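Once you know that position 200 of the sequence shown is 200 in UniProt numbering, the rest is easy, because the numbers rise by one and skip nothing. Ideal Cβ placement from N, Cα and C applies to all residues, glycine included. Just so we're clear, the structure is a prediction, and the values are computed from it rather than from any experiment.
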Amino acid sequence: MQRAPSAAAQKSPSWSFAMEPWRTLLVLAVAAAAAATPLIDQLAPGQEWPARSSVGQPGDSTKEEIKVEDVFSGSTNETAVEEVDEEAFAKAVITKEVDLTKDEITKVDYSGAQVWKIQTNKRSVVAVVGRLRRRNLVSTWGGNHTHMDILVKPNAVKNVTRAFKRENITYDVLIEDLQRRIDEENPPLDENELSLQDRRGHKMTWKQYHRLEDIHQFMDYLAKTYPSIISVNSIGKSHEGRDLKVLRISDGKPTNKAVWIDGGIHAREWISPATVTYFINQFAENFDVESDDVKNIDWYILPVVNPDGYEFTHLGDRLWRKNRKPQGTTRVCFGADLNRNFGYRWGGKGSSNNPCSDIYRGSRAFSEPETKAVSDFINNSAVNFTAYLTYHSYGQYILYPWGYDSVVPPDYQQLDIVGKDVARAIQQTGGSEYSVGSSSGLLYPAAGGSDDWAKAKGIKYTYTIELSDTGRYGFILPVSYIEPVARESLAGLRVLAAAVNKA
Ligand SMILES: [Zn+2]
């Protein structure tokens, strides 16, 4: 299709934030002033994505903004916040720090580690687990009001068993040999699949958990193959310099709604990028025959929010959660929990100020380049998002705000109804049962999540989706689960798309 990009689009320095964002904005502002400002409906599909500074969009000025006092008001609430524990510091993490730039990388070995599901019906449980965690004998994987999944570290099994016996805490061993599960989780593709890969034009499959390079090449391949509906832009770079690649699927209709989807904010949750890329593949390869609900939406999809952490889970530590930026001043630990680093009520319950903690919230809101890039993109974009879906694992939950405390937004009943419709569609397609509720109510309060921030920005259908399973494999979900999980999740996404079109 022949199309004539406007002067502004040609001059616009694309979406790369290789420069500091303020410089990018400055250049954009100059470019916009120098050329006639195009209206959003003059942008052809595949053309530069509309930026707020260059594209007029009704209602821009009324968009809800986060107040500074809101960003910091949570910081005085320290009740559930871990304080820095010198003892835990000294014993450090079991993981050896790994230099990815060196050829020889030692993988963290989980031989002897187990995963247990414990009942949390006793008052003493939280205190006991807290103590064991501070002594670095266990770490927590997941849980809710009735149970908790914990990783019992190598050589700690005896001690932890004794502690639980003493307190009469009951538990089941979910994973007896964690390292064996890790070794069996992601086997290489067979000959047949490899030959198919060559013919397909990209390496992506849903029979394996792929490295970042394969995911990015797959996205670029789709943009090249379907330029009239698909474009790919990097919205910024990770701490280690990897691209944060967003793929847009849009037929360019000015009446389209917009939906944001991301995955892989927590590095070890491999099923998340696998599922999100499955959505991309389905929509891209079958766009012509897709439902109107799908075609009437501009999809913005970032499959890996935390590429440094994701690569680290492949090369260094399979169970890494955070990003990989060095943190702390006196003693350095790696990584902030990106899903505690967003700027709405940042610093409150369920987040830690200890740089060595798995839920370290960062030194301030948006201190991490990955969260900053996502928020800059959404703040500076002229796109009015109707939904913000962020995919995690595990537990099979569809969660809506708020996460920072046990309160719900005014329209929570609508969020609940749509969430339950989504859950029903998933169950009817694949049989997996999802629980629906507010994240603080169903799980526990956790401040600084991306969903709270998105909701505070006024994005209506904001959900955190915790994919399969419910703990049998936990984060180490075998590759045979990818297609069933992704397929049923897509059925849920279609129901969400229908709700977005009615909004
Ligand atoms: Zn997660």
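| query | result |
| --- | --- |
| Hey, how far is the Cα of residue 333 from the Cα of residue 312? | 15 Å |
| With a 10 Å radius around its C-beta and 16 neighbouring C-beta atoms as the bar for buried, classify residue 464 as buried or exposed. | buried |
| Do you know offhand how far residue 473's Cα is from residue 495's? | 28 Å |
| Can you tell me where the beta strand (DSSP E) holding residue 143 begins and where it ends? | 138 to 143 |
| For the region 396 to 481, which segments carrying the alpha helix (DSSP H) assignment without a break, of at least 4 residues, lie completely within its bounds, in sequence order? | 412 to 430, 439 to 442, 450 to 456 |
| State the Cα-Cα distance for the pair residue 426 and residue 273, rounded to the nearest angstrom. | 18 Å |
| Give the residues whose C-beta lies closer than 7 Å to at least one heavy atom of ligand 1, in chain order. | 265, 266, 269, 339, 392, 393 |
| The beta strand (DSSP E) that contains residue 248, what's its start and end? | 243 to 249 |
| Does DSSP put residue 334 in a helix, in a strand, or in coil? | strand |
| Residue 228 and residue 49: beta carbons closer than 9 Å? | no |
| Per DSSP, which one or two residues make a beta bridge with residue 258? | 298, 385 |
| Can you tell me where the alpha helix (DSSP H) holding residue 130 begins and where it ends? | 124 to 134 |
| May I ask you to report which of helix, strand or coil DSSP gives residue 209? | coil |
| Quick one: residues in its chain with C-beta nearer than 6 Å to the C-beta of residue 408, no 5 flanking neighbours on either side, listed in chain order? | 438 |
| Tell me the DSSP secondary structure of residue 489 in three-state form. | helix |
| Locate the beta strand (DSSP E) running through residue 339, then write down its first and last residues. | Unbroken run through residue 339: none, as it is neither H nor E. |
| Tell me the DSSP bridge mates of residue 391? | 263, 465 |
| Within its chain, find whatever has a CB closer than 6 Å to the CB of residue 372; leave out the 5 residues flanking it on each side and keep chain order. | 366 |
| Return the residue from the list 145, 224, 336, 292 that minimises the CA-CA distance to residue 253. | 292 |
| If you run the structure through DSSP and keep just helix, strand and coil, what is residue 239? | coil |
| Give me the Cα-Cα distance between residue 170 and residue 362, rounded to the nearest whole angstrom. | 35 Å |
| Cα separation between residue 443 and residue 391? | 16 Å |
| Can you say whether residue 210 is buried or exposed, counting buried as having 16 or more other CB atoms within 10 angstroms of its CB? | buried |
| Would you mind working out which of 132, 145, 208, 358 sits nearest residue 184, comparing C-alpha positions? | 208 |
| Taking the alpha carbon of residue 449 as the point to measure from, which residue in 502, 351, 393 has its own alpha carbon closest? | 351 |
| Relative to the C-alpha of residue 428, which residue among 470, 484, 475, 411 is closest? | 484 |
| My understanding is that residue 447 touches residue 322, with C-beta atoms under 8 Å, so please give their C-beta distance in whole angstroms. | Contact doesn't hold; Cβ gap of about 16 Å is too wide. |
| Give the DSSP-derived three-state secondary structure of residue 28 in the structure shown. | Confidence at residue 28 is low in this model, with a pLDDT of 44, below 50, so its placement is unreliable and no value can be given for it. |
| Is it the case that the region 150 to 161 contacts the region 297 to 306, given that we only count it when at least three CB pairs across the two stretches are under 8 Å? | no |
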